[in-house]
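Have a look at the structure below before the remarks.
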Amino acid sequence: MNFGFSEDQLLLQQTVHDFLASELPVDEVRKLWNEDTGRSAEFWKRLAEIGIPGLLISEDHGGLGMNEIDGVLLIEETGRAALAEPVVQTSVAAPLITALSSSLADQWLAKIAAGEALAVVQHDVNAFTSDAHVADLLLLSHGDEIHALSADRVSLTAQPANDPSQRLFAIDWTRDDETRVASGKAGRALLAISLDRGALACAAQQLGVADKLIELAVAYACERKQFGVQIGSFQAVKHMLADVKVRLEYARSLVYRAAHSLARDTRGRSVDVSCAKAAASEAAVAAGRIALQVHGAIGYTWEQDLHVWMRRAWSLDLAWGNSAWHRARIADAVIDGALPAENFGYSAP
Amino acid sequence: MDLNYTAEQDAFRKEARAWLEANVPREPLPSFDTREGFEAHRAWEKQLNAGGWAMVPWPVEYGGRGANLLEWLIFEEEYYRAGAPGRVNQNGIFLLGPTIMEYGTPEQKARFLPKMASSEEVWAQGWSEPNAGSDMAAIQASAVLDGDHYVINGQKTWASRGAYADWLFGMFRTDPDSERHRGLTFVLVPLDLPGVTVRPIEQLDGEAGFAEVFLNDVRVPVENQLGEVNRGWDVAMATAGFERGLMLRSPARFQNTARKLVALYRETAASGQPIDAGLRDTVARCWVDAEAYTLNTYQTVSHLLAGGKIGSESSLNKIFWSELDLRMHEAALSLLGARAELLPQAPAAEGVGDWLDGYLFALSGPIYAGTNEVQRNIIAERILGLPRK
Chain A
638 MNFGFSEDQL
648 LLQQTVHDFL
658 ASELPVDEVR
668 KLWNEDTGRS
678 AEFWKRLAEI
688 GIPGLLISED
698 HGGLGMNEID
708 GVLLIEETGR
718 AALAEPVVQT
728 SVAAPLITAL
738 SSSLADQWLA
748 KIAAGEALAV
758 VQHDVNAFTS
768 DAHVADLLLL
778 SHGDEIHALS
788 ADRVSLTAQP
798 ANDPSQRLFA
808 IDWTRDDETR
818 VASGKAGRAL
828 LAISLDRGAL
838 ACAAQQLGVA
848 DKLIELAVAY
858 ACERKQFGVQ
868 IGSFQAVKHM
878 LADVKVRLEY
888 ARSLVYRAAH
898 SLARDTRGRS
908 VDVSCAKAAA
918 SEAAVAAGRI
928 ALQVHGAIGY
938 TWEQDLHVWM
948 RRAWSLDLAW
958 GNSAWHRARI
968 ADAVIDGALP
978 AENFGYSAP
Chain B
213 MDLNYTAEQD
223 AFRKEARAWL
233 EANVPREPLP
243 SFDTREGFEA
253 HRAWEKQLNA
263 GGWAMVPWPV
273 EYGGRGANLL
283 EWLIFEEEYY
293 RAGAPGRVNQ
303 NGIFLLGPTI
313 MEYGTPEQKA
323 RFLPKMASSE
333 EVWAQGWSEP
343 NAGSDMAAIQ
353 ASAVLDGDHY
363 VINGQKTWAS
373 RGAYADWLFG
383 MFRTDPDSER
393 HRGLTFVLVP
403 LDLPGVTVRP
413 IEQLDGEAGF
423 AEVFLNDVRV
433 PVENQLGEVN
443 RGWDVAMATA
453 GFERGLMLRS
463 PARFQNTARK
473 LVALYRETAA
483 SGQPIDAGLR
493 DTVARCWVDA
503 EAYTLNTYQT
513 VSHLLAGGKI
523 GSESSLNKIF
533 WSELDLRMHE
543 AALSLLGARA
553 ELLPQAPAAE
563 GVGDWLDGYL
573 FALSGPIYAG
583 TNEVQRNIIA
593 ERILGLPRK
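Chains as they are written, first to last, in the numbering used here: chain A, 638 to 986; chain B, 213 to 601.
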């Protein structure tokens, strides 16, 4: 038993942190809002150079061959930087392709790892599919079937969203025997683990988002003066921020455990992921609310950067099952007995 | 990261489980806040100590088992799982004991630790005074050096376990001209000395869990001073860290309550009683939070075992466990409906369990060990870096 990260894992986190801090100022994030696709193929290539899209892809296919435990800290950093590129989609699609078929893997994984191709996964838990417009390969579900289609075989309807970084689409497509790559029990299992991967990636990003929102609020509270003193010296302000810090730190443990559960495919995997998603999303949404309150009216402006992360907290909450959806899944498992209420600890010798 | 237990850890758990199964009293003991219950708990502590399980994380030379913190967490899980009695000497075992190990002289360690281990001497907390609760720096009780003795005068209050305990630890002002946290000294006081008057205070549950202690020219040998003179604040901060942090609040307690809450929900649903729709979500939340507390503790322990340190983070713990405990008990009382206010002797109280008692105790969580408002200030100032003034 060791609930800690290795020095290598922490070093890699620092590397990604430093890269994003210097290469992706918030102005760049905002600039992409006005671009047609909202995405930068050039920046994605640079992310590929430090291994982000290839994280969960085997070394045989040009990836880093890492697991979710290695990846969780890095995805957290992409949340802190409000990176809009399809990190969540890629962390769902790459392992799904690996599991689906070796010919799909041979055809796509090396390109994905190199940042030269993108794949997205449409899942019923999401009303709309993000980043479908920049995808070369779309993995689409119908009941327990999974179909693989190239971009030229689907028709997309854009759904403008509150978060300008979010690009959502309704997908129109026709399925046939030739596009079907999984079905039945295997299809269901792959869709289930895809949902868990998507939810975990969102939860990991939410940790970074929440941390950044608290950081912004603290910085503002130390700078802004009212009644002749820094507003951060007011107990009402202190207590709001302390409470949200508590929520974040306890969500963090759940997210890291969920990464372990996915990497090891444990029996309680889905419940562990739901705990992580519910808690991390709630912490991030609360951090946004509190950060806005601390900023006051200036925080309520488009010009202030606060809402870049606040909107990200909202959109990440809604993707891959919102907090309420995940808590309902937990209640079903824990209360109705699909999972004994003895998930952690108490393992029988 | 590897959250699987090792073969050694599994073997340790098995050993603890077997001993507890064979030794835990079949019937729950009476509350240790009654004279009869206090003595019954003291006897249980002796039995635990004889089995080698009283001071699991203490070093062997002080009567402990030398177990690391991970093993201690495993032991605690088994302890709660077995339904074993609450620890009457927790002030000694989890708070003062580790403090003596850090600040005590070799003589003090030899004198105090073994008797603490066997609960031959049960300890009371002497933190609070009528005008100094969470603000320990406002302490006024004085200790004046007279030859090789301190002469102590003053009043301590809300002294947990004070009604029946043998000894009291606390801070006293040794420099009369000092202010705030300077000029305080940490002293260990026998409660059977001339000049000591203990007046039990009935708590919210009607039992004498804490007491007022009046000290009138009480002569305490100077060797009972723990740490340096006028530097008691440093010693007390170490003790308070143990109190807020993971030593006293093992996750097993909250996991156990969460498990019982889930069971209560299932029973209530099975009985056909209507349940407020929001309670299902509340119970799920409580269960998640108990998991989160457990995981956070394992994370902290892994960090400590890897040579790391913890500081103000214990304030995060304090808020989280105390509010979780309260939420879980509130949820349980909601599920019980009209039966939630029944005392155990009520004819219709069967199946109500000890939720009411637990609720009354949980209400004290956000107050003792430094109120949660004080903890929020600590988090804001020392962890987030907000200005003090």
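The beta carbon of each residue, even a glycine, is placed where N, CA and C say it ideally should be.
Below 9 Å on C-beta distance, what does residue i contact in chain A?
{"i": "ASP493 of chain B", "result": "ALA961, ARG964, ALA965 and ALA968"}
{"i": "VAL187 of chain B", "result": "The structure shown does not extend to residue 187 of chain B, since chain B is modelled only from 213 to 601, so the question has no answer here."}
{"i": "LEU528 of chain B", "result": "ALA879, LYS882, VAL883, GLU886 and TYR887"}
{"i": "TYR505 of chain B", "result": "TYR887 and SER890"}
{"i": "TRP533 of chain B", "result": "Under the 9 Å cutoff, chain A gives no residues; its nearest Cβ is about 10 Å from TRP533 of chain B."}
{"i": "TRP379 of chain B", "result": "Ordered by position in chain A, no residue passes the 9 Å Cβ test against TRP379 of chain B, which lies about 34 Å from the chain."}
{"i": "TYR291 of chain B", "result": "None at all; the shortest Cβ gap to chain A is about 12 Å."}
Less than 8 Å between the CB atoms is what I'm expecting for residue i and residue j, so what's the real figure, rounded?
{"i": "ILE783 of chain A", "j": "ILE749 of chain A", "result": "That belief does not hold up - the Cβ atoms of ILE783 of chain A and ILE749 of chain A are roughly 17 Å apart, past 8 Å."}
{"i": "ARG964 of chain A", "j": "ALA322 of chain B", "result": "Not really, about 53 Å apart at Cβ, beyond 8 Å."}
{"i": "TRP445 of chain B", "j": "HIS393 of chain B", "result": "4 Å"}
{"i": "ASP360 of chain B", "j": "VAL434 of chain B", "result": "5 Å"}
{"i": "SER346 of chain B", "j": "GLY582 of chain B", "result": "5 Å"}
{"i": "LEU473 of chain B", "j": "MET540 of chain B", "result": "5 Å"}
{"i": "GLY700 of chain A", "j": "LEU746 of chain A", "result": "7 Å"}
What residues match up with residue i in a beta bridge as DSSP calls it?
{"i": "GLU424 of chain B", "result": "B:ARG411"}
{"i": "GLN796 of chain A", "result": "A:LEU805"}
{"i": "VAL399 of chain B", "result": "B:GLY382 and B:GLN437"}
{"i": "VAL786 of chain A", "result": "A small correction: the amino acid at residue 786 of chain A is Leu; Val does not occupy that position in the sequence shown. DSSP lists A:LEU775 as partners of LEU786 of chain A."}
{"i": "TYR893 of chain A", "result": "The partner list for TYR893 of chain A (beta bridge, DSSP) is empty, contrary to what the question assumes."}
{"i": "LYS368 of chain B", "result": "B:VAL425"}
{"i": "LEU357 of chain B", "result": "B:TYR362"}
{"i": "GLN587 of chain B", "result": "Beta-bridge pairing links GLN587 of chain B to no other residue."}
Report all residues from its chain with a CB closer than 6 Å to the CB of residue i; omit the five preceding and five following residues, and keep chain order.
{"i": "VAL729 of chain A", "result": "VAL758, SER831, ARG834 and GLY835"}
{"i": "ALA329 of chain B", "result": "ASN261, ALA266, MET267 and GLY275"}
{"i": "VAL430 of chain B", "result": "ILE364, LEU405, GLY407 and VAL408"}
{"i": "GLY708 of chain A", "result": "LEU692"}
{"i": "GLY999 of chain A", "result": "Here chain A has residues from 638 to 986 only, and residue 999 of chain A is not among them."}
{"i": "SER887 of chain A", "result": "Sequence inspection shows Tyr at residue 887 of chain A; the Ser mentioned does not correspond to that position. Around TYR887 of chain A: no qualifying Cβ."}
{"i": "VAL910 of chain A", "result": "ASP833, ALA836, LEU837 and ALA895"}
{"i": "HIS654 of chain A", "result": "GLU714"}
{"i": "ARG600 of chain B", "result": "GLU593"}
Taking residue i as the query, report the chain A residues whose CB atoms sit under 8 Å from its CB, ordered along the chain.
{"i": "TYR477 of chain B", "result": "ILE972"}
{"i": "SER514 of chain B", "result": "MET638, ASN639, PHE640 and GLY641"}
Leaving out five residues on either side along the sequence, give the residues of the same chain with a beta carbon under 8 Å from the beta carbon of residue i.
{"i": "ALA985 of chain A", "result": "Any answer about ALA985 of chain A is weak, because its pLDDT of 41 lies below 50 and its placement is not dependable; what the coordinates show is given next. Cβ neighbours of ALA985 of chain A beyond the five flanking positions: none."}
{"i": "ARG492 of chain B", "result": "TYR477"}
Interface residues of chain A around residue i at Cβ under 7 Å?
{"i": "ASP214 of chain B", "result": "MET638 and ASN639"}
{"i": "LYS601 of chain B", "result": "SER870"}
{"i": "THR218 of chain B", "result": "MET638"}
{"i": "GLN485 of chain B", "result": "Neighbours of GLN485 of chain B on chain A: none; closest Cβ ~15 Å, over 7 Å."}
{"i": "ARG497 of chain B", "result": "ARG964"}
{"i": "LEU282 of chain B", "result": "MET638"}
Considering only residues of the same chain and omitting the five flanking positions on each side of residue i, which have a CB-CB separation below 7 Å?
{"i": "GLY982 of chain A", "result": "Confidence is the limiting factor: at GLY982 of chain A the pLDDT is only 48, short of 50, which leaves the residue's position unreliable, though a coordinate-based value still follows. So the list is empty, once near-sequence residues are dropped."}
{"i": "VAL236 of chain B", "result": "ALA294, GLY295 and ALA296"}
{"i": "LEU943 of chain A", "result": "LEU853, ALA928, LEU929, HIS932 and GLY936"}
{"i": "ALA923 of chain A", "result": "VAL881 and ARG884"}
{"i": "SER609 of chain B", "result": "Not covered by the structure: residue 609 of chain B. The range shown for chain B is 213 to 601."}
Listing by chain order, which chain B residues have their CB less than 8 Å from the CB of residue i?
{"i": "LYS914 of chain A", "result": "None at all; the shortest Cβ gap to chain B is about 11 Å."}
{"i": "VAL653 of chain A", "result": "By Cβ distance, chain B contributes nothing, its closest Cβ being about 18 Å from VAL653 of chain A, past 8 Å."}
{"i": "ALA858 of chain A", "result": "LEU598"}
{"i": "ILE706 of chain A", "result": "MET213"}
At a CB-CB cut-off below 7 Å, which residues of chain B make contact with residue i?
{"i": "GLN867 of chain A", "result": "PRO599"}
{"i": "ARG894 of chain A", "result": "LEU215 and LEU507"}
{"i": "LYS875 of chain A", "result": "ARG588, ASN589, ALA592 and LEU598"}
{"i": "HIS932 of chain A", "result": "None at all; the shortest Cβ gap to chain B is about 15 Å."}
Mind listing the chain B neighbours of residue i? Cutoff is C-beta to C-beta under 9 Å, in chain order.
{"i": "ILE830 of chain A", "result": "None at all; the shortest Cβ gap to chain B is about 19 Å."}
{"i": "VAL855 of chain A", "result": "ALA592, LEU596, GLY597 and LEU598"}
{"i": "ILE927 of chain A", "result": "Going along chain B, no residue has its Cβ under 9 Å from ILE927 of chain A, so there is no contact; the nearest lies around 12 Å."}
{"i": "HIS897 of chain A", "result": "MET213, ASP214 and LEU215"}
So with Cβ pairs under 7 Å, would you call residue i a contact of chain E?
{"i": "VAL500 of chain B", "result": "The structure shown contains no chain E; its protein chains are A and B."}
**Prompt:** Which runs of the alpha helix (DSSP H) spanning at least 4 residues fall entirely within the segment 251-296 of chain B, listed in chain order?
**Reply:** DSSP runs (the alpha helix (DSSP H)) wholly in the segment 251-296 of chain B: 281-293.
**Request:** Could you name each continuous alpha helix (DSSP H) segment of 4 residues or more that falls completely within the segment 719-782 of chain A, going from the start of the chain to the end?
**Result:** 724-737 and 739-750
**Every unbroken alpha helix (DSSP H) within the segment 439-514 of chain B, with a cutoff of 4 residues, ordered by chain** = 444-456 and 463-482
**Request:** Kindly provide the ranges of any alpha helix (DSSP H) runs that are 4 or more residues long and lie completely inside the segment 644-695 of chain A, ordered along the chain.
**Result:** Here the runs fully enclosed are 644-660, 663-670 and 678-686.
**Item:** 3-residue-minimum beta strand (DSSP E) runs that sit fully inside the segment 284-353 of chain B, ordered along the chain
**Value:** 335-338
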